[in-house]
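**Student:**
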Amino acid sequence: MEDHTYAFEDSQLEVVEVVDDVIERIIARSTERGLSELEVYVVKTNIRVFTVANDKIIEASSSVDHDIGLRGSIGKRVGAIRLNNLPRNPDEALDSLIPVVKSSPEDPYWSGFASDAKAPLKVEAYDPRIGKMTEEEYVELLKATMERLKEPGLRRGVEKAFVAEGLLMASDLEVTISNTHGVCRSMKKSIVTIWLTLNILKNGSQSDYGLVYNKGILDQGELERKALESGERALLFFNSKPIESGEYEVVFEPTQTGLILQFSLAPAFSGLNILENRSPLRSKLGEVVFSDKVSIRDNPELRGGVGTRGFDDEGVATSNKRVVDKGVFKTILHSHYTAKRMNTDSTGNGIRTHPAAQPQPGFTNLELEPGSGNLEEFTRDLKKGIVVYDIIGYWMSDPFTGSVKATVTHGLLVENGVVVKPVKGVVIGGSIYDWLSRNLVSVGGDSVVNGNASTPSILISSVKVAGK
Amino acid sequence: MPIDLDSKINLLTIVITNWLSKLTHIDPDLVLKLRDQLGLDFIDARIQVYHSELVVLDNGVVRELTLNKHQGIGVRVLVGGSMGYSSTNSLDRESIRDATERALKIARAISGETFKLALYERPVVKSRASSSFQVDPGLIDISEKVELLKTMYSAVRELQGVSSSTIRFGYEDDYRLYISSRGDYVEVSRKMIGAGARLIAHVEGVYESFGDAESAVAGWEFIKSINWDDWIRDRGKLVVETARARRVKPGRYDIVLDNDMVGLMLHEAFGHASEGDIVLAGGSVLGGRVGERVASEYVSIVDDGLVEGGAYVPFDDEGTPKRKVYTVKNGVLQGYLHSLSTARALGQEPTGNARVMSYRHPILVRQTNTYMEPRDWSPDEMIRDMKNGLYIKGRGALGGEVNPLTGAFTFTSGPSYIIENGEPKTLVKGVMLSGLILDTLRNVDAVGKDLLVRTSVFGGCGKSNQMVRVGDGGPHVRVRGFTIGGG
Numbered sequence: 248m249e250d251h252t253y254a255f256e257d258s259q260l261e262v263v264e265v266v267d268d269v270i271e272r273i274i275a276r277s278t279e280r281g282l283s284e285l286e287v288y289v290v291k292t293n294i295r296v297f298t299v300a301n302d303k304i305i306e307a308s309s310s311v312d313h314d315i316g317l318r319g320s321i322g323k324r325v326g327a328i329r330l331n332n333l334p335r336n337p338d339e340a341l342d343s344l345i346p347v348v349k350s351s352p353e354d355p356y357w358s359g360f361a362s363d364a365k366a367p368l369k370v371e372a373y374d375p376r377i378g379k380m381t382e383e384e385y386v387e388l389l390k391a392t393m394e395r396l397k398e399p400g401l402r403r404g405v406e407k408a409f410v411a412e413g414l415l416m417a418s419d420l421e422v423t424i425s426n427t428h429g430v431c432r433s434m435k436k437s438i439v440t441i442w443l444t445l446n447i448l449k450n451g452s453q454s455d456y457g458l459v460y461n462k463g464i465l466d467q468g469e470l471e472r473k474a475l476e477s478g479e480r481a482l483l484f485f486n487s488k489p490i491e492s493g494e495y496e497v498v499f500e501p502t503q504t505g506l507i508l509q510f511s512l513a514p515a516f517s518g519l520n521i522l523e524n525r526s527p528l529r530s531k532l533g534e535v536v537f538s539d540k541v542s543i544r545d546n547p548e549l550r551g552g553v554g555t556r557g558f559d560d561e562g563v564a565t566s567n568k569r570v571v572d573k574g575v576f577k578t579i580l581h582s583h584y585t586a587k588r589m590n591t592d593s594t595g596n597g598i599r600t601h602p603a604a605q606p607q608p609g610f611t612n613l614e615l616e617p618g619s620g621n622l623e624e625f626t627r628d629l630k631k632g633i634v635v636y637d638i639i640g641y642w643m644s645d646p647f648t649g650s651v652k653a654t655v656t657h658g659l660l661v662e663n664g665v666v667v668k669p670v671k672g673v674v675i676g677g678s679i680y681d682w683l684s685r686n687l688v689s690v691g692g693d694s695v696v697n698g699n700a701s702t703p704s705i706l707i708s709s710v711k712v713a714g715k
Numbered sequence: 291m292p293i294d295l296d297s298k299i300n301l302l303t304i305v306i307t308n309w310l311s312k313l314t315h316i317d318p319d320l321v322l323k324l325r326d327q328l329g330l331d332f333i334d335a336r337i338q339v340y341h342s343e344l345v346v347l348d349n350g351v352v353r354e355l356t357l358n359k360h361q362g363i364g365v366r367v368l369v370g371g372s373m374g375y376s377s378t379n380s381l382d383r384e385s386i387r388d389a390t391e392r393a394l395k396i397a398r399a400i401s402g403e404t405f406k407l408a409l410y411e412r413p414v415v416k417s418r419a420s421s422s423f424q425v426d427p428g429l430i431d432i433s434e435k436v437e438l439l440k441t442m443y444s445a446v447r448e449l450q451g452v453s454s455s456t457i458r459f460g461y462e463d464d465y466r467l468y469i470s471s472r473g474d475y476v477e478v479s480r481k482m483i484g485a486g487a488r489l490i491a492h493v494e495g496v497y498e499s500f501g502d503a504e505s506a507v508a509g510w511e512f513i514k515s516i517n518w519d520d521w522i523r524d525r526g527k528l529v530v531e532t533a534r535a536r537r538v539k540p541g542r543y544d545i546v547l548d549n550d551m552v553g554l555m556l557h558e559a560f561g562h563a564s565e566g567d568i569v570l571a572g573g574s575v576l577g578g579r580v581g582e583r584v585a586s587e588y589v590s591i592v593d594d595g596l597v598e599g600g601a602y603v604p605f606d607d608e609g610t611p612k613r614k615v616y617t618v619k620n621g622v623l624q625g626y627l628h629s630l631s632t633a634r635a636l637g638q639e640p641t642g643n644a645r646v647m648s649y650r651h652p653i654l655v656r657q658t659n660t661y662m663e664p665r666d667w668s669p670d671e672m673i674r675d676m677k678n679g680l681y682i683k684g685r686g687a688l689g690g691e692v693n694p695l696t697g698a699f700t701f702t703s704g705p706s707y708i709i710e711n712g713e714p715k716t717l718v719k720g721v722m723l724s725g726l727i728l729d730t731l732r733n734v735d736a737v738g739k740d741l742l743v744r745t746s747v748f749g750g751c752g753k754s755n756q757m758v759r760v761g762d763g764g765p766h767v768r769v770r771g772f773t774i775g776g777g
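Residue numbers (the working numbering), protein chains in the order written: chain L, 248 to 715; chain E, 291 to 777.
What follows is the structure, encoded as structure tokens:
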């Protein structure tokens, strides 16, 4: 097997060189074929996935893939093709792209691809161990994490503790952006995602909680601590039920804060949504929009953030900046396209949904700057409230209106600082603009990085809850 | 753009000469040799050629006009009861061999930690199937698709109160070939098409948004069958009206769900928990309940890959014919949805529900088209009989989600109506509904006769980072005491 491994590594080096060579030739040929501009975006992913069911690793996969976007323009006409194989003959790719560009109606606002000369921000976005760890090492890591997750329950004498479902996904990525304006940047990225649902049984009752670890680096000490914490939390939710409808104080655990902000609020800062009249923050630049306890940062330097990067998806240098400064809306997030439409410079926030998509303004990493206090302290402060540990359906919140919607699957009803009973199956709702201004009681100091967000616990008053 | 015949033939030639002839029954000596050399119990491959088109018009300006061409091979090996996957987008013989070796290597890496997996031994399948269409959308010039969206934009831009419109056209052509060392050879080709819009209203300082789309497993004729100007104008008027509408007070209500909502509810409230891989993992509240009453006697739930209006799934991604399956009949749980491995492990028949998002992905048990069987109520009669409550509409809904272990599920609606004295009277903004799997379907007390199933080329069902096309629906259904809030 060793021979095969070495043979594989050699062949992948060759593939990268071939892709780079083809990109150069396509860009060189594009002008001769009549394109005004061309941009090539290539993502090479080396991914390994281990799937867990019923306390066992039931299957695993290991793959290398390419995902390639070619965008071209002729005057103000812009079109794109997305491929996973770049033909060695540049004309083959251009034969597909050029008719698409020609069919596209003119975009009156088109100002070309980016030509950023600024040096990228220096960031730690790559953990080389994620790509280098062997399959056997990942199996050991997964087994150790599952044991840690079960440990608190077993220590407290539950009848059974097992990981019902989950996966470990380790991605090692190489991203290359080139265009006819001389932008030519590449970066390495790493992402590790671990999601494990612990199921525990005691006296005929069941409870569960999920460990979620989604970061750009692998910190095994932190992973172990999170596994133990999740194992402890699983003990909290035996016999959970809906509670009476009404208005409650609500404490969101740090990760839940991040989910709420990303889906109900983050798109409102996009220059495109502001230009196209679908952001509640339109015309609010420089105004107080939230409580002075709220400062939100676009932080491309966040340690461990999945969105940590030195340049955006157009090759433009990123920058660490406050978007909301003590409640005041300070910065509109821009791609090159929206910046030109608003006669300003890109903020380095052009983010793509796929390699051939037009970059749209979005956060690299969203950071709600920490205040003081934490989940436990906020819980003790509650007169009558719910502590929310997990939610579903939050992604159906509406950033165009600021309307928050989520269903609590794991919560605790607290009265006068004391936990009364576990809660599930209740809907929470309201306006994120109210929650972060007149209803905001506290922003905690216990920030957690999850995906491309860093957020602490928050305590909100007068949240509408639908239950029994 | 169609999958061009040359590239298809090229691909298949490469695959067939460099892969099929080496690994399947076509050359049994080579299969035996491979098994001897690599120690394989079983090997299969999913080959996919996927073309799609997406056009997005954002307030009249083309935001996206993209052709997508992906192809590749996913390889799965079963060795000593361990299952390993790999994939490659390079279709040369060396890459395929590399992928096979990676799959084997990773299967061996987990061999000490896994159950000894086995697959249900079903008869060999050799078949091909193709969804029907009249006019190949790939042959229609892209400019005609852009023109469709521009016309829609013209129709909605003049509506007072509509502040933003994002209009889209989508088309996909998905060709899949499944081959296995058992000797299976199954080709499935499916075309889907659709158009839709997300509209934002800004009225008296209040924003409201509404998204909707029409899709079908069909060709360009589907687009021609709809008056899109009227379609988008109606939705524009609705979003403006909804901006002025009030919110429902959070609480519990008796409700009537329309066809779209019923499908969404069943998919979330029941479908996921009936998926064999979740049941096998010990992650479903429906585990161990076959033969038990889990819903009211009026409820029968079907998973069917070929129902009119739904997604087209004649075979699953293990080449198993998709059977019409009752998971619930007259309120009683009949069984689960299965792949070959979950059927074997749970001692049931495979149901044809092993699906992958693309050649890159591993098999999961997925729903196809989930719907409730109709009964005898008319929707009007149901609403009249209820007197007071809510009429929950699906147009504009964003989807749903479930935690199958706790049994909590949730989904959103589009703009809906308060029912007073047996009539839908007052428009209200969309809501979020929440329930518990083992409670909600017991509270169904009336099922309509108006079955309708729909699918979408713009979305589907997500599970473990894989999205697949699904359909869902049913007749109008009445449920007593549903938790409603949000917004």
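Just so it is clear, CB atoms sit at the ideal spot from N, CA and C, and this is done for glycine as well. Here the structure is a predicted model, which is why all the values come from computation and not from measurement.
Examine chain L for any beta-carbon lying closer than 8 Å to the beta-carbon of E:K395, and answer yes or no.
**Tutor:** It does: the Cβ of E:K395 has a partner Cβ on chain L nearer than 8 Å.
**Student:** Would you call the segment 594 to 611 of chain L in contact with the segment 676 to 692 of chain L, where contact means no fewer than 3 C-beta pairs closer than 8 Å?
**Tutor:** Taking 8 Å as the limit for Cβ pairs, the verdict is that the segment 676 to 692 of chain L does not touch the segment 594 to 611 of chain L.
**Student:** How is L:V439 classed by DSSP in three states: helix, strand or coil?
**Tutor:** Strand at L:V439.
**Student:** Output needed for E:H651: all residues of its chain with C-beta closer than 6 Å, excluding positions within five of it in sequence on either side, in chain order.
**Tutor:** Hits under 6 Å: Q756.
**Student:** Buried or exposed for L:P375, please, with buried defined as at least 16 other CB atoms from any protein chain shown within 10 angstroms of its CB.
**Tutor:** It is exposed - the Cβ of L:P375 has fewer than 16 other Cβ atoms within 10 Å.
**Student:** In angstroms, rounded to a whole number, what distance separates the CA positions of L:E271 and L:E306?
**Tutor:** Each residue's alpha carbon lies about 39 Å from the other.
**Student:** Say whether chain E places a C-beta atom closer than 8 Å to the C-beta of L:P608.
**Tutor:** No, L:P608 does not count as interfacial toward chain E.
**Student:** Run through DSSP, which three-state label would E:Y443 get?
**Tutor:** DSSP places E:Y443 in helix when its eight states are reduced to three.
**Student:** Find the residues of chain C that neighbour E:Q361, judging by a C-beta separation of less than 8 Å, and give them in chain order.
**Tutor:** Of the protein chains in the structure, L and E, none is chain C.
**Student:** Any chance the segment 760 to 767 of chain E sits against the segment 608 to 622 of chain E, with 3 or more Cβ pairs inside 8 Å?
**Tutor:** These segments do not touch.
**Student:** So what's E:L596 in DSSP terms, helix, strand or just coil?
**Tutor:** Three-state result, E:L596: coil.
**Student:** Who pairs with E:W518 in a beta bridge, going by DSSP?
**Tutor:** Answer is none; E:W518 lacks a bridge partner.
**Student:** When you compare only the Cα positions, how much space is there between L:A513 and L:F610?
**Tutor:** In a straight line, the C-alpha of L:A513 is about 7 Å away from that of L:F610.
**Student:** Write down the C-beta distance between L:R544 and L:K568 rounded to the nearest angstrom, noting that I regard them as a contact closer than 8 Å.
**Tutor:** Contact flag correct, Cβ pair sits at about 7 Å.
**Student:** At a CB distance below 9 Å, what residues from the segment 483 to 512 of chain E approach chain L? Give them in sequence order.
**Tutor:** Answer in chain order: R488, I490, H492, V496, Y497, E498 and S499.
**Student:** Is any beta-carbon of chain L found at less than 8 Å from that of E:L563?
**Tutor:** Checking the displayed sequence, the identity of residue 563 of chain E turns out to be Ala instead of Leu. So, not an interface residue.
**Student:** Just grab the DSSP bridge partners of L:E669 for me.
**Tutor:** The sequence shown places Pro at residue 669 of chain L, not Glu. DSSP, once it has assigned bridges, lists L:L659 as partnering L:P669.
**Student:** Kindly indicate which three-state DSSP category E:V560 falls into: helix, strand or coil?
**Tutor:** It is Phe, not Val, that sits at residue 560 of chain E in the sequence shown. Correct three-state label for E:F560: helix.
**Student:** Which residue marks the beginning of the beta strand (DSSP E) containing E:D388, and which one marks its end?
**Tutor:** Segment R383 to A399 is the alpha helix (DSSP H) holding E:D388; no beta strand (DSSP E) there.
**Student:** On the criterion of 16 or more Cβ atoms from any shown chain inside 10 Å, does E:R392 qualify as buried, or is it exposed?
**Tutor:** Counting Cβ neighbours within 10 Å, E:R392 comes out buried, since at least 16 surround it.
**Student:** Would you mind giving the Cβ-Cβ distance between L:E353 and L:G322, rounded to the nearest angstrom? I have them listed as a contact below 8 Å.
**Tutor:** That pair is a contact at about 7 Å.
**Student:** Whole angstroms is fine: what's the gap from E:D593's alpha carbon to E:E343's?
**Tutor:** The alpha-carbon atoms of E:D593 and E:E343 are separated by roughly 29 Å.
**Student:** Can you name, in chain order, every residue of its own chain whose Cβ lies under 6 Å from the Cβ of E:G609, other than the five neighbours on each side?
**Tutor:** These residues qualify, in order along the chain: V415, Y468, D474 and V476.
**Student:** L:Y356 touches chain E at which residues, Cβ-Cβ below 7 Å?
**Tutor:** Going along chain E in sequence order, the residues near L:Y356 (Cβ under 7 Å) are V351.
**Student:** When you compare only the Cα positions, how much space is there between E:M662 and L:T565?
**Tutor:** Each residue's Cα considered, the two are about 51 Å apart.
**Student:** In this structure, how does DSSP classify L:H581 when only helix, strand and coil are distinguished?
**Tutor:** DSSP places L:H581 in coil when its eight states are reduced to three.
**Student:** From the DSSP output, read off the bridge partner residues of E:H341.
**Tutor:** DSSP, once it has assigned bridges, lists E:K359 and E:D463 as partnering E:H341.
**Student:** L:S511 and L:Q607 - do their beta-carbons sit closer together than 8 Å?
**Tutor:** No, they are not a contact pair.
**Student:** Of the residues E:R685, E:M373, E:S629 and E:V507, which one's Cα is nearest the Cα of E:A487?
**Tutor:** Here the closest residue by C-alpha is E:R685.
**Student:** Count the other C-beta atoms from every protein chain shown that fall within 10 angstroms of the C-beta of E:N516, then say buried if there are 16 or more, exposed otherwise.
**Tutor:** The question names Asn, but residue 516 of chain E in the sequence shown is Ile. The residue in question, E:I516, is exposed, as its Cβ has fewer than 16 Cβ neighbours within 10 Å.
**Student:** Which residues, taken in chain order from the segment 504 to 524 of chain L, show a beta carbon closer than 7 Å to some beta carbon of chain E?
**Tutor:** Of all residues in the segment 504 to 524 of chain L, E523 and N524 have a Cβ within less than 7 Å of some Cβ in chain E.
**Student:** By DSSP, does L:D268 sit in helix, in strand, or in coil?
**Tutor:** Helix, per DSSP.
**Student:** One question on the structure: do L:G649 and L:N612 come within less than 8 Å of each other, judged by their Cβ atoms?
**Tutor:** It is not a contact, given that the beta carbons lie outside the stated cut-off.
**Student:** Just how far apart, CA to CA, sit L:N426 and L:V269?
**Tutor:** If I take the Cα positions, the gap works out to 13 Å.
**Student:** Mind pulling the chain L residues with CB within less than 8 Å of E:M784?
**Tutor:** The structure shown does not extend to residue 784 of chain E, since chain E is modelled only from 291 through 777, so no value can be given for it.
**Student:** Does any CB atom of chain E fall closer than 8 Å to the CB of L:E382?
**Tutor:** True, the Cβ-Cβ gap to chain E drops below 8 Å.
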